[in-house]
Structure formats: C-alpha cells, structure tokens
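Numbering-wise (the working numbering), the sequence shown opens with residue 11 and increments by one.
Ideal placement from N, C-alpha and C gives every residue a C-beta, glycine not left out.
On a predicted model such as this, the values are computed, not experimentally measured, just so you know.
Encoded as structure tokens, the structure appears first; notes follow it.
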Amino acid sequence: MRRLYIGLLLMAIPWATQSVAQDHLAWTEPDDDEESLIDQEKDWIAYNRWSVSAEFLMWWTKDTPCPVPLASTAPASAQTNPADSYPPGNLSNPDTVVVLGGGDIPIHMQPGGRFNVGLGLGDEDRYGVEMNFLFLGNTTREQTVTSNGSQDQFLTTPYNAVDSIVFPAPGTPYANFLAGPASFNGSLSNAGAATLTTQMQFYGGELNGLWNLTGGNGFAWHLLGGYRLLSVNERLYLETTQLDNNNFTGQFINTLDKFKTQNYFNGGQLGIRGDWRSGNWYIGGTFKLALGSTHEVVTVSGSTTTNTGAHYVQIPVTTVPFGTYAQPTNIGTNSRDQFALLPEFTLRVGMQLAPSIRYFVGYNFLYLSNLVRPGNQIDGTINPLQTAGFNGGLPASPNGGGRPAPLFVSSDFWAQGLTFGAEIGW
Numbered sequence: 011m012r013r014l015y016i017g018l019l020l021m022a023i024p025w026a027t028q029s030v031a032q033d034h035l036a037w038t039e040p041d042d043d044e045e046s047l048i049d050q051e052k053d054w055i056a057y058n059r060w061s062v063s064a065e066f067l068m069w070w071t072k073d074t075p076c077p078v079p080l081a082s083t084a085p086a087s088a089q090t091n092p093a094d095s096y097p098p099g100n101l102s103n104p105d106t107v108v109v110l111g112g113g114d115i116p117i118h119m120q121p122g123g124r125f126n127v128g129l130g131l132g133d134e135d136r137y138g139v140e141m142n143f144l145f146l147g148n149t150t151r152e153q154t155v156t157s158n159g160s161q162d163q164f165l166t167t168p169y170n171a172v173d174s175i176v177f178p179a180p181g182t183p184y185a186n187f188l189a190g191p192a193s194f195n196g197s198l199s200n201a202g203a204a205t206l207t208t209q210m211q212f213y214g215g216e217l218n219g220l221w222n223l224t225g226g227n228g229f230a231w232h233l234l235g236g237y238r239l240l241s242v243n244e245r246l247y248l249e250t251t252q253l254d255n256n257n258f259t260g261q262f263i264n265t266l267d268k269f270k271t272q273n274y275f276n277g278g279q280l281g282i283r284g285d286w287r288s289g290n291w292y293i294g295g296t297f298k299l300a301l302g303s304t305h306e307v308v309t310v311s312g313s314t315t316t317n318t319g320a321h322y323v324q325i326p327v328t329t330v331p332f333g334t335y336a337q338p339t340n341i342g343t344n345s346r347d348q349f350a351l352l353p354e355f356t357l358r359v360g361m362q363l364a365p366s367i368r369y370f371v372g373y374n375f376l377y378l379s380n381l382v383r384p385g386n387q388i389d390g391t392i393n394p395l396q397t398a399g400f401n402g403g404l405p406a407s408p409n410g411g412g413r414p415a416p417l418f419v420s421s422d423f424w425a426q427g428l429t430f431g432a433e434i435g436w
C-alpha cells in the first residue's frame, strides 16, 4: 500500500508543476479587452526596464546640386559653324553639350544603421530616458569624360570670363581646352580628361526624456523631449588633365578644384510617440520637431601641377595653390550659424515573438531646412588670366578681375527610406 501512495504522489508532481506554470503564464498575458495601459505592457515593461534596439537602414537622400557646368564637349565642326562663337565648347554655342555639372547629381540608396538604448524610471516606468545614434555609409560618386586627341570633338571647361582687359565685356562665355581634334588650327591635338567626384558623410544622435501618458484599448502614448544633433558633410572635387599641350610632347597641365561643406545642427526637440497593440502585433508612430542652429562651414581649395609655363614654354614640374574654379579670390574657409528646423516622422509595424524580443519594419522621413552643399558654392564666372589652361601654362602673375567670388548659398536637405530592426528588453 505504501508503494501505491508513493506512486500516486510522483504522478501528481508533473500535474502540479504544470498548473503553477499555467497560472504564471496567465498572469503575464492578461486579456487584451480588460487590461489597463500598464497591464498591456507587463510582458514588455514590467520585466524589461532596459531596452536596446538595432536597425538596418535603406535610405535615399536629396540629390547633390551642381548648377554650374564644369565640363562640356563640342563637335569638330563647331570651329567653322557661323552660329558659334570662339572658342568651341563655350556655353553660348548651340552645339555645346554639358557633360559634367549643370544640374543635380543623383545619390543612390545608402545603407546605414541606427542604435537605441532606453531605460524606464519611476513607478511602473512612468518616466524614462533614451538615446540613439544613426549613420549612413559614406557614399562616393565619380563621373569621368575623356578624349584621346584623335576624336572628332572638343573637351573643355566652360565659364563666364570676368576680365575686361582681354574680353569685350565681363561675363563673356569662354572655355579652356582639355582636348581637341588635330584639325583645329592645324596644331591642337591634346588628350585630356575631366573627373567629377562627390562624397557624403551623414550621422546624428539624440538624448530624450520620456513621459508615459495614460491610454487604453490597446493604445499607449509617450511625450518626449531632449537634444538633437545632425551632421551632413560633403565634398565635390573636379580634376582635369591636359596632355601633350599644343603638340608639345610630354607637357601636361593637371588641375584640382575642391569644394567642401560641413553642417552641424544642434537643437532642442519635442515629440510624441504612439503605439497600438493587438495580440502580438503592434503599429507605432513617432513625430519629432527640433529647433536650433546649423553651423555651416565652406572650404574652397585648389591646385595646378604642370611642367608648362606661359605660352607652352617647358619648365620644371611646379604646383601652385589654385585651379580653375578655385582661385585666390575664393580660396579659404568661411563659416556662419543659421536657424533651422528638423522635423522627423517614423512609422513602424512589428511583432512581439517573446516577452523580451520584438521585430519591426518601418519608414522614416527626415528634413533639415537650412544647410550648405558644395555644388552651390561654385562661382561660374572666373578670371581666366589666373588659369593655366587659358595662358598656355602657368600665368606669370595673377591679375585682372576678382572672380570667382566666395559664395555662401543655403539650401535644404531630406533623407528617407526603410528600416528593419529588432528590440530586446530585460
């Protein structure tokens, strides 16, 4: 009989254990129709005071503006076309084709990441703090046009000439040759190339305080406020090469124009976040508006490296600190601070697969009202007397009109795209 009692007792232990486990699960998954806001989130908040999330970003940004034409081509027939003015490739001629610059430069999808850390505070985590950091991978876009000198076309860098000593009026359309057919004046058979490179760096961060508002019927609301940082840094380089200048074998002129912009937004922000949950699924949205100042920095530099002096006289290889669109009149660094707005909207759809793990996909849109971009800082009117391409080599001494001018042209910026992420709490 004793053995029978012991056997019955051993059989009862698993049933008792299962009953206790079922009672615990019933407590952590209350009925959605009856739970309060705090009860709704017991399986996420009550045991998960800390939360960490990571997101993969697939974002697109506003194209890089470059309104000034930086390289152009023209057919060999342009030299005899009565409708054309000298030289071929200048912007007043109907058969001139702009091949670099003169419009927006597309930026393709940029991958990136965003990381968030949150901490609940107070009774039932009524308050909290969170901080996050986001970035997009550095992007580089390069466009190159070349001519080997035997092609039946001209390759030039076009501009408006400001110097009234040589030209009949300031603003006369002109162009420097990079390459041209041998038929031009019976002598020009240069080989040349032009390369336009753009680069972007994008990152930002936030530190916010949270206030958990009341809710119900599956909804939860939070107010947030704090500090916002966003940085957008860009570079635009124009490199040109001219070989065998005017049929002088071995002579060359290489130029480099560099325009760099840096933008640092700092400001305070307010926002609201809402979530609606049904079972394991949830939909969330956040709107934030930051007001502050963008510290804008524009840096212009350039160089010319050549073994050709004025009028194609060969000289030792020499480098001087100016190019074609970057000259002594606009080279340097300038900065200023401008008021700016930074609104951001985020929408997420996700699933909670366990009390401590959530997965989600979403859409994000971010806008910055004031910043500087490198292509807008290029002055298309220059003093050709300061360029090696116009003088047939290095000028003896820069002189003439004071262009290109230093510019500070502001514009706006946006970034948008998809997010894929996961959040873990404990």
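Local Cβ density within 10 Å of residue i, reported as buried at 16 or more and exposed below that
| i | result |
| --- | --- |
| W69 | buried |
| I263 | buried |
| I325 | exposed |
| G342 | exposed |
| S345 | exposed |
| E152 | exposed |
| G235 | exposed |
| R413 | buried |
| H232 | buried |
| E51 | Caution applies to E51, whose pLDDT of 44 falls short of 50 and renders its modelled position unreliable; the model cannot decide the point. |
| S82 | buried |
| R368 | buried |
| L240 | buried |
| P79 | buried |
| L266 | buried |
| H34 | For H34, the predicted model reports a pLDDT of 31, less than 50, meaning its position is unreliable; a value from the coordinates is still stated below. Its Cβ having fewer than 16 others within 10 Å, H34 is exposed. |
| L131 | exposed |
| T208 | buried |
| F275 | buried |
Beta-carbon proximity list for residue i, same chain, < 6 Å, skipping 5 on both sides
| i | result |
| --- | --- |
| G295 | G284 and L357 |
| C76 | G111, I115 and G385 |
| Y377 | P353 and W424 |
| P98 | A84, A88, Q89 and F164 |
| A189 | S157, G159, L165, N200, A201 and G202 |
| G181 | N170 |
| W286 | G228, F229 and I293 |
| F355 | F297 and F375 |
| T391 | N170, V172 and R413 |
| T154 | T205 |
| E249 | T205 and L266 |
Residue i, enclosing beta strand (DSSP E) - first and last residue
| i | result |
| --- | --- |
| V172 | That residue, V172, is in no beta strand (DSSP E); it is neither H nor E in DSSP. |
| G360 | G342 to A364 |
| Q89 | Per DSSP, Q89 belongs to no beta strand (DSSP E) and is neither H nor E. |
| F332 | Premise fails: F332 is in no beta strand (DSSP E) and is neither H nor E. |
| Q120 | Q120 to L131 |
| Y213 | A201 to N222 |
| N148 | Y137 to S157 |
| G111 | V107 to G111 |
Residue i (DSSP reduced to helix, strand or coil)
| i | result |
| --- | --- |
| Y96 | coil |
| P79 | strand |
| S379 | strand |
| F423 | strand |
| G181 | coil |
| L395 | helix |
| P384 | helix |
| A300 | strand |
| F400 | helix |
| A189 | strand |
| A320 | helix |
| N374 | strand |
| S102 | coil |
| Q163 | strand |
| L280 | strand |
| L417 | coil |
| T38 | Note on T38: pLDDT 37, under 50, position unreliable in the model; the coordinate value appears next. T38 falls in the helix class under three-state DSSP. |
Sheet register partners of residue i (DSSP bridge)
| i | result |
| --- | --- |
| Q272 | N243 and V307 |
| D285 | A230 and G294 |
| F66 | G123 and F430 |
| D267 | L248 and G312 |
| R368 | Q362 and E433 |
| I115 | T74 |
| R59 | Paired residue(s): none; R59 is not in a bridge. |
CB contact check: residue i to chain B, cutoff 8 Å
| i | result |
| --- | --- |
| Y247 | Reference to chain B is not applicable here, since this structure consists of a single protein chain. |
7 Å Cβ shell around residue i - same chain, five flanking residues per side excluded
| i | result |
| --- | --- |
| G147 | Q120, P121 and G122 |
| L301 | G277, G278 and L351 |
| W221 | Y137, H232 and L233 |
| L129 | R59, W60, G138 and V139 |
Other residues of its chain near residue i: CB distance less than 8 Å, five sequence neighbours each side excluded
| i | result |
| --- | --- |
| F187 | P97, G99, F164, L165, T166, L198, N200, G202, Q252 and G399 |
| M11 | In this prediction, M11 scores a pLDDT of 41, lower than 50, which makes its location untrustworthy; the coordinate-derived value is nonetheless stated afterwards. If we look at M11 and ignore the five residues flanking it on each side, it has no Cβ neighbours. |
| M361 | N290, W291, Y292, R368, Y369 and F370 |
| V107 | S82, T83 and A84 |
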